[in-house]
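Chemist: Before I ask anything, here is the structure I am working with.
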Amino acid sequence: MLRFIPILALAISLTEQVVTPELVPERNYRFPVDDITVESIIKESGSLSKEEAEKRNFKNPVLAYVAPWNTYGYDLAKKTAKKLTHVSPIWFKARPYRQNGALQCKVEGSPDIDRSFMEALKAENWQISIVPLISFEKWGVEAPRFLRDTAAQTRCAHQIVDFLTRNEFDGAVLNMFTTFSFVTRAASPGYKKMIYEAMEEFAQQFTDKSLEVIFSMVPSINSIFYENDAFSGTDFQRLTDMSTFLEIDLFGIPLDDELLEVSPYDWLYKGLKHAENGGANMSRVLMGTHFFGYQNTDPMNFPSPDSSLGEVANKELMEKLKSGKVDIKWDADIWEHAFVHKETVIYYPTLSSLERKFKLAEHFHVGVAIWEYGQGLDYFARVF
Ligand SMILES: *[C@@H]1O[C@H](CO)[C@@H](O)[C@H](O)[C@H]1NC(C)=O
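Using mature numbering (1 follows the signal peptide of the UniProt record, and there is no 0), the letters of the sequence shown map in sequence onto residues -17 to -1, 1 to 367.
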């Protein structure tokens, strides 16, 4: 699932066009870009020794999303459980629900709960937090009503907290901000205030029950580095103060005519810098990054009727590589490897691009959240 971020309109000011500094001298990276070849990927990507699977190279939190439709991610999470601090199964949706006319919510998706997977994770790493994603989806006209109705928020938060406690989860990831800001046009300051207050109510109830609360958020800058007004002043500080973690999804760059990539390095840097400047407690920030690749057909003429951006997972990439017709090159503008075949370009993570992203996270003292784990290659875990 490629999560293109709904565009938050109203770009208000251009962030400073600072050049991203060189954080680490090129020679100090463990995975030089030239070492990554088609052959090396074919040969090594499936192998991960016990030591590589367990020894941590990154000191901040790492959260892995795993999806029920891709159980490869479950296997990988079990194998690398000692280097993950959080696992977030994509199991649940929070939907609006009316009981005797009163608005509240219900959690859907319980059949997806996989107890043996949860037990296996805890057996490998008893400290690991299992924090499923509760995706607020399809709220439609109920969204603005919900935001105005604090009693409904209290009922909904209570419902969710109760659900998590009963099922022995350690907390949850909530994407309320993204959902509600989209349907209510966060651009309106009145709604923004209400969304933040609703989040505070949820955060309070989670905290009271010692549950971790992680809010996933859209990025605060668009593809050309404009800030959107969902985050201004001390908003970042407020958001990290209220939550265990604030996950800023720095992939799925807002779609516009310029789009050729999903998560260029400069953009990542500026997204984190913006949070830092906004007073975020950076040790409570997770940099949302991706383990899937994306394919750009006919990139020279993007956007054109023939061009499209599609998601590419591990299996598909490996098939293409094994066909022997793919060239690999390092794209120095965005700091990712490009896999090129005729008119098609695939950007897919490599040890080099991932290492540079993790170093960036280290520089800003933030953790990393990976969407989604099962779309990557086994040996990616060597990086962190
Ligand atoms: C920032 O978050 C960390 C981790 O939760 C916490 O220990 C620290 O006190 C926070 N710092 C501030 C200034 O609130």
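In this text, a Cβ means the ideal position worked out from N, Cα and C, and glycines have one as well.
By Cβ distance below 6 Å, which residues in the same chain neighbour Met270 in space, the five residues on each side in sequence not counted?
Modeler: Sequence index remark: in the sequence shown, residue 270 carries index 287 (1-based). If we look at Met270 and ignore the five residues flanking it on each side, its Cβ neighbours are Leu233, Ala344, Val349 and Val351.
Chemist: For ligand 1, is there a heavy atom less than 6 Å away from the beta-carbon of Arg267?
Modeler: One-based indexing of the sequence shown puts residue 267 at position 284. Within the cutoff, so yes.
Chemist: Find out if the Cβ-Cβ distance for the pair Ser199, Asn264 is shorter than 7 Å.
Modeler: Residue numbering aside, residue 199 sits at position 216 when the sequence shown is read from its first letter. Residue numbering aside, residue 264 sits at position 281 when the sequence shown is read from its first letter. Result no, Cβ atoms of Ser199 and Asn264 do not sit closer than 7 Å.
Chemist: Can you list, in chain order, the stretches of the beta strand (DSSP E) that have 3 or more residues and sit fully within the stretch 55 to 101?
Modeler: Correct list: 69 to 72, 75 to 82 and 85 to 91.
Chemist: CB of Asn260 to nearest heavy atom of ligand 1: below 6 Å?
Modeler: Within the sequence shown, residue 260 is the residue found at index 277, counting from 1. For ligand 1, not one heavy atom lies less than 6 Å from the Cβ of Asn260.
Chemist: In the DSSP assignment, the alpha helix (DSSP H) including Tyr356 goes from what residue to what residue?
Modeler: The residue you call residue 356 lines up with position 373 of the sequence shown. Per DSSP, Tyr356 belongs to no alpha helix (DSSP H) and is neither H nor E.
Chemist: Give, in chain order, every unbroken run of the beta strand (DSSP E) that is at least 3 residues long and sits entirely within the stretch 127 to 171.
Modeler: Whole beta strand (DSSP E) segments, 3+ residues: 154 to 157.
Chemist: Helix, strand or coil, according to DSSP, for Glu345 in the structure here?
Modeler: For the purposes of this step, residue 345 is identified with residue 362 of the sequence shown, where counting begins at 1. Here Glu345 sits in helix by DSSP.
Chemist: If you count every other CB in all the chains shown that lies within 10 Å of the CB of Leu304, and 16 or more means buried, which is it?
Modeler: Here the question's residue 304 lines up with position 321 in the sequence shown. Its Cβ being crowded by 16 or more others within 10 Å, Leu304 is buried.
Chemist: In terms of residues, what are the limits of the alpha helix (DSSP H) holding Lys312?
Modeler: By one-based count along the sequence shown, residue 312 stands at place 329. Element bounds for Lys312: not the alpha helix (DSSP H) but the beta strand (DSSP E), Asp310 to Asp314.
Chemist: So, with DSSP's three-state summary, where would you put Asp240?
Modeler: Here residue 240 refers to the residue found at position 257 when the sequence shown is read from its first residue. With a pLDDT of 43 at Asp240, under the threshold of 50, the modelled position of that residue is not reliable, and the figure given next carries that caveat. It is coil, neither helix nor strand.
Chemist: In angstroms, rounded to a whole number, what distance separates the CA positions of residue 376 and Asp95?
Modeler: Because the chain in this structure spans residues -17 to 367, residue 376 falls outside the shown range and cannot be described.
Chemist: Along the beta strand (DSSP E) that carries Asp232, what are the first and last residues, could you check?
Modeler: What you label residue 232 is simply residue 249 of the sequence shown in a count that begins at 1. Residues Phe228 to Asp232.
Chemist: Count the other CB atoms within 10 Å of the CB of Val16; is the residue buried (16 or more) or exposed (fewer)?
Modeler: Taking the sequence shown and counting its residues from 1, the one referred to as residue 16 is at position 33. Looking at its Cβ environment, which holds 16 or more other Cβ atoms inside 10 Å, Val16 is buried.
Chemist: Return helix, strand or coil for Phe41, following the three-state DSSP convention.
Modeler: Counted from its first residue, the sequence shown places residue 41 at position 58. It is coil, neither helix nor strand.
Chemist: If you run the structure through DSSP and keep just helix, strand and coil, what is Glu5?
Modeler: For the purposes of this step, residue 5 is taken as residue 22 along the sequence shown, with counting starting at 1. DSSP places Glu5 in coil when its eight states are reduced to three.
Chemist: Give the secondary structure of Tyr362 by DSSP, where H, G and I count as helix, E and B as strand, and everything else as coil.
Modeler: Sequence index remark: in the sequence shown, residue 362 carries index 379 (1-based). DSSP places Tyr362 in helix when its eight states are reduced to three.
Chemist: In or out: His320 buried (at least 16 other Cβ within 10 Å) or exposed?
Modeler: Position 337 of the sequence shown, counted from the first residue, corresponds to residue 320. Result: buried.
Chemist: Look at the Cβ atom of Trp354, then the Cβ atom of Ser336, and state whether they are nearer than 7 Å.
Modeler: As a working mapping, residue 354 is identified with position 371 in the sequence shown. As a working mapping, residue 336 is identified with position 353 in the sequence shown. No; because the gap between Cβ atoms is not below 7 Å, this pair is not in contact.
Chemist: Is Asn264 a contact residue of ligand 2, with contact defined as CB to any heavy atom under 6 Å?
Modeler: Absence of ligand 2 is noted for the structure shown, with ligand 1 being the only ligands found.
Chemist: Among the candidates Thr162, Asp153, Leu222 and Ala181, whose CA atom is the shortest distance from the CA of Ser192?
Modeler: For the purposes of this step, residue 192 is taken as the residue at position 209 of the sequence shown. Checking the sequence shown, residue 192 turns out to be Lys, not Ser. Comparing Cα positions, the closest option is Asp153.
Chemist: Would you identify the three-state DSSP class for Tyr48, choosing helix, strand or coil?
Modeler: Translated into positions along the sequence shown, residue 48 becomes position 65. Of the three classes helix, strand and coil, the one that applies to Tyr48 here is strand, per DSSP.
Chemist: Out of curiosity, what's the CA-to-CA distance linking Gly261 and Thr217?
Modeler: Locating residue 261 in the sequence shown gives position 278, where the first residue counts as 1. Locating residue 217 in the sequence shown gives position 234, where the first residue counts as 1. Their backbone Cα atoms lie some 5 Å apart in a straight line.
Chemist: My guess is that Asp310 and Ser28 are in contact by the Cβ rule of under 8 Å, so how many angstroms apart are they, rounded?
Modeler: Translated into positions along the sequence shown, residue 310 becomes position 327. Translated into positions along the sequence shown, residue 28 becomes position 45. Between Ser28 and Asp310 the Cβ distance is about 17 Å, and since that is not below 8 Å, they are no contact.
Chemist: Restricting to Cα atoms, I'd like to know which of Leu130, Ser203, Glu102 and Asp145 is closest to Tyr182.
Modeler: Position 199 of the sequence shown holds residue 182. According to the sequence shown, residue 182 is Met rather than Tyr. Checking every option, the nearest Cα to that of Met182 belongs to Leu130.
Chemist: Give the secondary structure of Asn264 by DSSP, where H, G and I count as helix, E and B as strand, and everything else as coil.
Modeler: Along the sequence shown, read from residue 1 onward, the residue named residue 264 stands at position 281. The answer is coil: DSSP assigns Asn264 none of H, G, I, E or B.
Chemist: Rounded to whole angstroms, what is the Cα-Cα separation between Asp239 and Tyr330?
Modeler: By 1-based counting over the sequence shown, the position of residue 239 is 256. By 1-based counting over the sequence shown, the position of residue 330 is 347. With a pLDDT of only 49 at Asp239, under the threshold of 50, the placement of this residue in the model should not be trusted; the figure read from the coordinates follows. Rounded to the nearest angstrom, the two C-alpha atoms are 18 Å apart.
Chemist: Considering only the alpha carbon of each residue, which of Gln278, Ser246 and Gln358 lies closest to Lys325?
Modeler: Taking the sequence shown and counting its residues from 1, one reaches residue 325 at position 342. For Lys325, the nearest C-alpha among the options comes from Gln278.
Chemist: Between the stretch 134 to 143 and the stretch 91 to 109, can you find at least three pairs of beta-carbon atoms closer than 8 Å?
Modeler: Cβ pair count under 8 Å is below three, so no.
Chemist: If you check the beta carbons only, do Ile197 and Phe228 fall under 7 Å apart?
Modeler: Within the sequence shown, the letter at position 214 stands for residue 197. Within the sequence shown, the letter at position 245 stands for residue 228. For Ile197 and Phe228, yes; Cβs fall inside 7 Å.
Chemist: When you compare each of Phe163, Gly276, Glu230 and Val245 to Ala258 by their alpha carbons, which one comes out closest?
Modeler: Counting from one through the sequence shown, the residue named residue 258 turns up at place 275. Measuring from the Cα of Ala258, the nearest candidate turns out to be Glu230.
Chemist: Rounded to whole angstroms, what is the Cα-Cα separation between Arg10 and Leu334?
Modeler: Here the question's residue 10 lines up with position 27 in the sequence shown. Here the question's residue 334 lines up with position 351 in the sequence shown. So the two alpha carbons sit approximately 15 Å from each other.
Chemist: Taking the alpha-carbon positions, what's the Ala140 to Leu116 distance?
Modeler: Within the sequence shown, numbered from 1, the residue matching residue 140 stands at position 157. Within the sequence shown, numbered from 1, the residue matching residue 116 stands at position 133. Taking the straight line joining both Cα atoms gives about 14 Å.
Chemist: So Lys76 packs on Glu22, CB below 8 Å; how close in whole Å?
Modeler: Counting from one through the sequence shown, the residue named residue 76 turns up at place 93. Counting from one through the sequence shown, the residue named residue 22 turns up at place 39. Actually they do not touch by this definition, with Cβ atoms about 43 Å apart.
Chemist: Terminal residues of the continuous alpha helix (DSSP H) containing Leu304?
Modeler: Here residue 304 is taken as the residue at index 321 of the sequence shown, counted from 1. Element bounds for Leu304: Asn297 to Lys305.
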